[in-house]
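J.: Pasting a structure below so you can have a look.
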Amino acid sequence: EDQVTQSPEALRLQEGESSSLNCSYTVSGLRGLFWYRQDPGKGPEFLFTLYSAGEEKEKERLKATLTKKESFLHITAPKPEDSATYLCAVQARQAGTALIFGKGTTLSVSS
Amino acid sequence: GAVVSQHPSWVICKSGTSVKIECRSLDFQATTMFWYRQFPKQSLMLMATSNEGSKATYEQGVEKDKFLINHASLTLSTLTVTSAHPEDSSFYICSALYRGAEAFFGQGTRLTVV
């Protein structure tokens, strides 16, 4: 069964304290792995798509990496405005184009 | 980036009435759109996949007659919650597939049934 597990469930950081979020996945043929940011009461905001092991993408303080079993979202020198829930999702070939989501990591950054 | 607009952002309705939620891709055409439901502090649960011009594909456990989905054009999909009851209260989110690969989401609709 295709599955996505994110850890930790919640993460509290001080402003400037870098860290990483983990997304482990089990899928019968990965078509793509996606990272989204979701603020309370809003829809997910697209961050990155990764398609193959070894691929990396960056956007401001965020960097996403992908291996054959997991993906990391690295946050460098976070700011309070980075506080949100970060969702990881995979697109499996057998499931067509539907995304399978993890439960998310809620990040809180204090100043 | 691709923009998906969902309307309304929130709605309150009486038990037994129907509510329609619209999902529009503003700057691209979307052959495929998805509808999700999200409970508090939970992740997104896929309800159905909507393909333009054909019937929606519902996930196991989702009532087709309660959640009517129509995808009549390449930029619009609608979700109608029929005969709504308090247990249907939730956050409903749509997404549209951009260039057949990346999913962009609407801002969500908070439905409260009283």
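Residue numbers (the working numbering), protein chains in the order written: chain A, 1 to 111; chain B, 1001 to 1114.
Here a beta-carbon is modelled for each residue, glycine too, at the ideal position from N, C-alpha and C.
Nothing here was measured: the structure is a model prediction, and the numbers come from that model.
With a 10 Å radius around its C-beta and 16 neighbouring C-beta atoms as the bar for buried, classify A/I100 as buried or exposed.
T.: The residue is buried, with at least 16 neighbouring Cβ atoms inside 10 Å.
J.: Pull out every residue of the stretch 44-55 of chain A whose Cβ sits closer than 8 Å to any Cβ of chain B, in chain order.
T.: Result list: P44, E45, F46 and T49.
J.: With 8 Å as the threshold, decide whether the Cβ of B/A1103 is near any Cβ in chain D.
T.: Protein chains in the displayed structure are A and B, and chain D is not among them.
J.: A/S110 lies in the beta strand (DSSP E); which residues open and close that run?
T.: Counting along the chain, the beta strand (DSSP E) containing A/S110 begins and ends at T105 to S110.
J.: What span of residues does the beta strand (DSSP E) with A/G32 cover, start to end?
T.: Element bounds for A/G32: L30 to Q38.
J.: Are the C-beta of B/W1012 and some C-beta of chain A separated by less than 8 Å?
T.: Trp is not the amino acid found at residue 1012 of chain B; the sequence shown has Ile there. No, B/I1012 does not count as interfacial toward chain A.
J.: Say whether the stretch 27-45 of chain A touches the stretch 1100-1108 of chain B, bearing in mind that this needs 3 or more beta-carbon pairs closer than 8 Å, one atom from each stretch.
T.: Touching, yes, given that three or more Cβ pairs across the two stretches are closer than 8 Å.
J.: Return the chain-ordered list of same chain residues with a C-beta closer than 8 Å to the C-beta of A/Q38, the five sequence neighbours on each side being excluded.
T.: Cβ within range, chain order: P44, E45, A84, T85, Y86, L87 and G104.
J.: Which bits of chain B does A/F101 rub up against, with CB to CB less than 9 Å?
T.: In chain order: Y1036, S1043, L1044, M1045 and L1046.
J.: In angstroms, rounded to a whole number, what distance separates the CA positions of A/G32 and B/V1114?
T.: So the alpha carbons of these two residues sit roughly 40 Å apart.
J.: Mind checking B/V1003: buried by the 16 CB within 10 Å criterion, or exposed?
T.: Per the 10 Å Cβ criterion, exposed.
J.: When the Cα atoms are used, what is the spatial distance from B/L1026 to B/T1075?
T.: Between B/L1026 and B/T1075, the C-alpha separation is close to 7 Å.
J.: For the stretch 22-31 of chain A and the stretch 67-78 of chain A, state whether three or more C-beta atom pairs, one from each stretch, are separated by less than 8 Å.
T.: Contact holds: three or more Cβ-Cβ distances are below 8 Å.
J.: Suppose you measure from the CA of B/S1083 to the CA of B/F1091; what does that come to, to the nearest Å?
T.: For B/S1083 and B/F1091, the distance between alpha carbons rounds to 17 Å.
J.: Contact criterion: CB-CB distance below 8 Å. Does A/K63 meet it with respect to chain B?
T.: It does not: the Cβ of A/K63 has no partner Cβ on chain B nearer than 8 Å.
J.: Residues of chain B with a CB under 7 Å from the CB of A/K42: which are they?
T.: Correct list: Q1107 and G1108.
J.: Which residue marks the beginning of the beta strand (DSSP E) containing B/V1004, and which one marks its end?
T.: Its beta strand (DSSP E) spans residues V1004 to H1007.
J.: Identify whether A/E1 lies in helix, strand or coil by the three-state DSSP scheme.
T.: Looking at A/E1 - three-state DSSP - the assignment turns out to be coil, as it is neither helix nor strand.
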